[in-house]
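> Heads up: the sequence lines are chains S and W, in that order. Per the UniProt record's numbering, the very first residue in the first sequence carries number 1; after that it's consecutive. Per the UniProt record's numbering, the very first residue in the second sequence carries number 1; after that it's consecutive. Cβ coordinates follow ideal geometry from the N, Cα and C atoms, glycine included. Sharing a structure below in structure tokens format, with a few things to ask.
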Amino acid sequence: MVPMIKSSLCAVAIGALALPAVAQATPTLTIYTYDAFAADWGPGPGLKEGFEAQCGCTVNFVSAEDSISALRRVQLEGEATDADIVLGLDTATIGEGLATGLFTEHGIDLPDFDIPLEWTDEVFVPFDYGYFAFVYDTEALDTPPASFEDLIALPEDFQIVIQDPRSSTPGLGLILWVKALYGDDAAEIWQGLAPHVLTVTSGWSESYDLFLSGEADMVLSYTTSPAYHVIAEDEDRYQAARFDAGHYTQIEVAGILASSPEQELAREFLAYLVTPGAQAILPETNWMYPVLEPAGGLNPGFEAMIDPEPALLLDADEVTANTRVWINEAFAALQ
Amino acid sequence: MPAGPTFMWRPGRVMSGATIALAIAILIAALLTVLWTTGRSMPTTGSSVANIGHLVRMSAIQAGLSTALSIFTGVIIAWMLDRLRFPGRGLVVGLLSTALVLPSLVIVSGLLAIWGRNGWANLFLGPLGLPTGSSIFGFWGIITAHVILNGAFAGRIFIDRLAAIPSEKIKLGRSLGLSSWRRFAIIDASALVSSIPGVAATVFLLCFTSFAIVLTLGGGPANQTLEVAIYQAVRLDFDLGAAVNLALVQLLVCAVIIIPATTLSPPATLFGRRSTLHWPEPGWLTVLQAALLAALLFAFIAPLAAVLAEGMGPALLAVLNQPAFWAASATSLWIGVASAGLALALALGLAMARGLLSTSKLPRALLGLPVFTYLTVPAVVLSLGFFLLARQLGLPPSNAAPFVLVIANALLALPFVFAAIAPPLEALSARHEKLIRSLGLSSFAQWRHIEWPLMGRPIGYALAVAFVFSLGDLGVISLFGTSEFSTLPWLMYRAFGAYRTNDAEAIAAILLVLSVSTFILIPKLFDWLTHAHD
């Protein structure tokens, strides 16, 4: 990836020296995203290869620690940003993205998505999705709880690890999940959960590691987490606990920046992202569901995942307006 | 040679020290200013951070307790290791400060492997009916983790102070037949006292701004630090003005600790060539020391052993076959070398100037403050500040990243380097000033013939600490676009974040081996280099 970035920098530098003929020969599409997406084992390299084969351009992934950091970077850079696309915001952070006023409508004809809701957003294009769930170890636990009430009713030595909603996507997801199910009674649920919360880690990695080393009985993660263990490690002891009342949905999206000089190329990339070919790359690199039937079908490992119906999702505006209040409500109960 | 006031005697040294102090102060001020002015031009919904007073109080209690216990533990460890001789002692000393400089995620998993619900301790204690359960979590979990990390660091610094007690002192004490207690109170304590304020200030700052350990072991929002609130203001609220204000609150609170530590610390006086004279304690006390040391070593070294054991799986070979691993190793190595060199240069400059000002409190404080300032500014504020500064200077972030990383790591390591070299350097100045003046030695000749030959070990240790420390932190360039620029710890965090726990554990073990070897080899190398000039 190093030579690519260097050459793209050269392209920028040459462009600045008013030699547009050279710069135009290979336009560069710069995509800000979260680190795991651009990592060697993430979807980044495959998508880059796939899109470059058809666009006659160079794709340059620039990774920030997480998707919010990528958005913040664009906010700091303003009009002068190199980014054409921000990729990786999700249903909980779309509102933050829109509020910046930096994004423009995607303007592409979207295919029929196979996702749990009608997609009408004119700015962001969804590219994968998943559901939050508690993951447990079948060798240590026979009957997992099937609801938050079940979980609360377990003996106090039944411990879960969750993530800080201020720094972690699943952590925020749990806040929204509880709110979607219990509304004004969410605080009571949090009070009931409090004795079971072993700790609240800053990131998903720390808590998942605590769970894998046996420190906690369940960890807040995704319904698709077990697919990684099945497909990549041939290990089927980890399962997601199905909650009958439903699981909260996370849909990851990408959007085009209004400041981008490569609008056409950016639109082409978003259209490519929702083709069966590109979708085939995502499940086993990002461990999320594709938004439509991928080329070659979905790995059967995913079929064994729990059915998360009914899929829960709160209105994006409501989420943006209330996130802080809801976080404080949960924290007050956890104190 | 005219006998002017001390600070006029070596104007070059005083000026370099003052320049370094000023440069660091300007850098920090620039970082905060650029963030604050940018914050004013950004729309924000306002900060949702509440309860600042409570956070400051909680952080201060936690950090104060951690510091007191760490210093106490450090003194005990140094006292025991100074008296005892046993095979593998060098390895034990090498291991002592390793925990502090490893990424905290590694340390936490090492601690849990011992003290967690599924840990070795429960494995042995459980069948005896003494299960400890999940007691490593919560307030006391944080304190335990902090004491294990910082107590070992303090112990490591103190051992060198004890080892440098001139042999005349020890001979005299022995011939006077001092009891064990009076020997400690008269000889050891006076060698340690000049190091304690610096080490204590460093430990306090580390605990006050602790992030990952507090969150992971803290058990929830009841145990949090101001640092986490600042993170919230930046990340969630994007209220940069509020972040700067909170950072200033943190700076002020920390100043309450740093200023007394830098002004009140007595200039060190005892420092000599490493003594080969060994004066053990009486038999019964030696047995007690050995038993206590064994218990403490279990607490300190078992978590590291666990990290090593967990990393030695089949994933190790797979990791060694990844080109990304070798690229990250190369980056880690050169960043480590560059920042260690820079940190040492800065610390030497500041310490030499301070050594000349042993009687003037205010200049001493002004030269001591910059050492700690960087540690008190939250990483997320530094990260944003550097990013904005680079942009305002017209540097593309990916070009600026290596420089930012070297500067940031050098400044982060500065308190440790300073703690290792400043007291001995001051002691040398104080002890040999008359001789140096009467011989009319130039500043360089003073360095070449007096300081360098005696400073080999502290410098070696300081470089080792700074090097290993700089292998570690990448947080400060999280905004700079890191996919093309990766270090070993970053590779490890990535692996943890992508379900690749085995890879991550293997990298952690490699980091551990690398750190321990550095701590053993680099001080030896410098010892040899300096003695080669005898």
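#1: Kindly list the residues whose CB is nearer than 8 angstroms to the CB of residue 125/S, restricted to its own chain and excluding five residues on each side of it in sequence; keep chain order.
#2: I need the straight-line Cα distance from residue 206/S to residue 313/S, nearest angstrom please.
#3: Can you give the Cα-Cα distance for residue 226/W and residue 59/W, rounded to whole angstroms?
#4: From the DSSP secondary-structure annotation, give me the bridge partner or partners of residue 231/W.
#5: Going straight from the alpha carbon of residue 522/W to that of residue 464/W, what length do you get?
#6: Quick one: is residue 196/S buried, meaning 16 or more other Cβ sit within 10 Å of its Cβ, or exposed?
#7: Cβ of residue 421/W within 8 angstroms of Cβ of residue 462/W?
#8: Go through the region 324-377 of chain W residue by residue and report every complete run of the beta strand (DSSP E) that reaches 3 residues or more, in order.
#9: I'd like to confirm the pairing. Which residues does DSSP put opposite residue 508/W in its beta bridges?
#10: What residue does the alpha helix (DSSP H) around residue 168/W start on, and which one ends it?
#11: Would residue 170/S and residue 132/S qualify as a contact pair, given that the criterion is a beta-carbon distance under 8 angstroms?
#12: Work out the CA separation of residue 116/S and residue 22/S for me, nearest whole Å.
#13: Excluding the 5 residues preceding and the 5 following residue 155/W in the sequence, name in chain order all residues of the same chain whose CB lies nearer than 6 angstroms to its CB.
#14: Rounded to whole angstroms, what's the CA-CA distance from residue 117/W to residue 140/S? Just pull it up for me.
#15: Who are the neighbours of residue 241/W on chain S, taking C-beta pairs under 7 angstroms?
#16: Would you mind reading off the limits of the beta strand (DSSP E) that contains residue 160/S?
#17: Quick one: which chain W residues come within Cβ less than 8 angstroms of residue 204/S?
#18: Out of 322/S, 101/S, 163/S, which has the shortest C-alpha to C-alpha gap to residue 214/W?
#19: Quick check on the burial criterion: 16 or more other C-beta atoms within 10 angstroms. Buried or exposed for residue 181/W?
#20: Can you tell me where the beta strand (DSSP E) with residue 250/S in it begins and where it stops?
#21: Give the residues of chain W in contact with residue 68/S, contact being defined as C-beta atoms less than 7 angstroms apart.
#22: What does the alpha-carbon distance come out to for the pair residue 34/W and residue 20/W?
#23: Check each residue of the region 163-175 of chain S: if its Cβ is closer than 7 angstroms to any Cβ of chain W, include it; give the result in chain order.
#24: Starting from the beta carbon of residue 116/W, find every residue of chain S whose beta carbon is closer than 9 angstroms, and list them in chain order.
#25: Mind reading off the beta-carbon distance from residue 310/S to residue 299/S? Whole number of angstroms is fine, and I expect it under 8 angstroms.
#26: Is DSSP giving residue 19/W helix, strand or coil here?
#27: Our contact map puts residue 246/S next to residue 145/S with C-beta atoms below 8 angstroms; I'd like the distance itself, whole angstroms only.
#28: Tell me the rounded alpha-carbon separation between residue 186/S and residue 285/W.
#29: What distance in whole Å lies between the Cβ atoms of residue 250/S and residue 173/S, which are believed to be in contact at a cut-off of 8 angstroms?
#30: Count the other CB atoms within 10 Å of the CB of residue 15/W; is the residue buried (16 or more) or exposed (fewer)?
#31: Going by beta-carbon coordinates alone, are residue 385/W and residue 22/W separated by less than 8 angstroms?
#32: Per DSSP, which one or two residues make a beta bridge with residue 90/S?
#33: Can you name the residues of chain S whose CB is closer than 9 angstroms to the CB of residue 402/W?
#34: So with Cβ pairs under 8 angstroms, would you call residue 131/S a contact of chain W?
#35: Less than 8 angstroms between the C-beta atoms of residue 486/W and residue 409/W, yes or no?
So, to answer that:
#1: To locate residue 125/S, count along the first sequence from 1; it is residue 125. Excluding residues within five positions, the ones whose Cβ falls inside 8 angstroms are 106, 108, 110, 253, 254, 255, 270, 273, 274.
#2: Working through the first sequence from its first residue, we reach residue 206/S at position 206. Working through the first sequence from its first residue, we reach residue 313/S at position 313. If you take the alpha carbons of residue 206/S and residue 313/S, they lie about 26 angstroms apart.
#3: For this step, residue 226/W is matched to residue 226 along the second sequence. For this step, residue 59/W is matched to residue 59 along the second sequence. Approximately 7 angstroms, taken between the alpha carbons.
#4: Counted from its first residue, the second sequence places residue 231/W at position 231. Residue 231/W pairs with nothing; no bridge assigned.
#5: Counted from its first residue, the second sequence places residue 522/W at position 522. Counted from its first residue, the second sequence places residue 464/W at position 464. Answer to the nearest angstrom: the Cα atoms are 6 angstroms apart.
#6: Here residue 196/S refers to the residue found at position 196 when the first sequence is read from its first residue. Buried, by the Cβ-count rule.
#7: Locating residue 421/W in the second sequence gives position 421, where the first residue counts as 1. Locating residue 462/W in the second sequence gives position 462, where the first residue counts as 1. Yes.
#8: none
#9: Position 508 of the second sequence, counting from 1, holds the residue named residue 508/W. None, per the DSSP bridge assignment.
#10: If you number the second sequence from 1, residue 168/W lands on position 168. Residue 168/W -> alpha helix (DSSP H) spans 167-175.
#11: Within the first sequence, the letter at position 170 stands for residue 170/S. Within the first sequence, the letter at position 132 stands for residue 132/S. Yes, the pair counts as a contact, with Cβ atoms nearer than the cut-off.
#12: Here residue 22/S is taken as the residue at index 22 of the first sequence, counted from 1. Here residue 116/S is taken as the residue at index 116 of the first sequence, counted from 1. Low confidence applies here, because residue 22/S scores a pLDDT of 45, under 50, leaving its location unreliable; read the following figure in that light. So the alpha carbons of these two residues sit roughly 46 angstroms apart.
#13: Residue numbering aside, residue 155/W sits at position 155 when the second sequence is read from its first letter. The residues are 74, 77, 78, 96.
#14: Taking the first residue of the second sequence as 1, we reach residue 117/W at position 117. Taking the first residue of the first sequence as 1, we reach residue 140/S at position 140. Put simply, the backbone Cα of residue 117/W is about 13 angstroms away from that of residue 140/S.
#15: Indexing the second sequence from 1 puts residue 241/W at position 241. Here the premise fails: no neighbours, minimum Cβ distance about 14 angstroms.
#16: Walking along the first sequence from the start, residue 160/S turns up at place 160. Element bounds for residue 160/S: 160-163.
#17: On the first sequence, residue 204/S is found 204 positions in, with the first residue counted as 1. Those are 497, listed as they occur along chain W.
#18: Position 214 of the second sequence holds residue 214/W. The option with the nearest alpha carbon to residue 214/W is 163/S.
#19: Taking the second sequence and counting its residues from 1, the one referred to as residue 181/W is at position 181. The residue in question, residue 181/W, is exposed, as its Cβ has fewer than 16 Cβ neighbours within 10 Å.
#20: On the first sequence, residue 250/S is found 250 positions in, with the first residue counted as 1. In the DSSP annotation of this structure, the continuous segment of the beta strand (DSSP E) that includes residue 250/S starts and ends at 247-257.
#21: The residue you call residue 68/S lines up with position 68 of the first sequence. Result: 235.
#22: Looking up residue 34/W in the second sequence gives position 34. Looking up residue 20/W in the second sequence gives position 20. Distance between the alpha carbons of residue 34/W and residue 20/W: 21 angstroms.
#23: Within the region 163-175 of chain S, the qualifying residues are 164, 166, 167.
#24: Taking the first residue of the second sequence as 1, we reach residue 116/W at position 116. Within chain S, the residues near residue 116/W are 210, 213, 214, 215.
#25: Residue numbering aside, residue 310/S sits at position 310 when the first sequence is read from its first letter. Residue numbering aside, residue 299/S sits at position 299 when the first sequence is read from its first letter. Rounded, the Cβ-Cβ distance is 25 angstroms, inconsistent with contact.
#26: What you label residue 19/W is simply residue 19 of the second sequence in a count that begins at 1. DSSP places residue 19/W in helix when its eight states are reduced to three.
#27: For the purposes of this step, residue 246/S is taken as the residue at position 246 of the first sequence. For the purposes of this step, residue 145/S is taken as the residue at position 145 of the first sequence. Rounded, the Cβ-Cβ distance is 14 angstroms, inconsistent with contact.
#28: Mapped onto the first sequence, residue 186/S falls at position 186. Mapped onto the second sequence, residue 285/W falls at position 285. If I take the Cα positions, the gap works out to 60 angstroms.
#29: As a first step, residue 173/S is located in the first sequence; it is residue number 173 there, counting from the start. As a first step, residue 250/S is located in the first sequence; it is residue number 250 there, counting from the start. Correct: roughly 6 angstroms between the Cβ atoms.
#30: Residue numbering aside, residue 15/W sits at position 15 when the second sequence is read from its first letter. That one is exposed.
#31: By 1-based counting over the second sequence, the position of residue 385/W is 385. By 1-based counting over the second sequence, the position of residue 22/W is 22. No, the Cβ-Cβ distance between residue 385/W and residue 22/W is not below 8 angstroms.
#32: Residue 90/S sits at position 90 when you count from the first residue of the first sequence. DSSP, once it has assigned bridges, lists 252/S as partnering residue 90/S.
#33: Counting from 1 along the second sequence, the entry for residue 402/W is found at position 402. None at all; the shortest Cβ gap to chain S is about 13 angstroms.
#34: For the purposes of this step, residue 131/S is taken as residue 131 along the first sequence, with counting starting at 1. Cβ-Cβ to chain W under 8 angstroms: no for residue 131/S.
#35: For the purposes of this step, residue 486/W is identified with residue 486 of the second sequence, where counting begins at 1. For the purposes of this step, residue 409/W is identified with residue 409 of the second sequence, where counting begins at 1. No, these two residues do not count as a Cβ contact at 8 angstroms.
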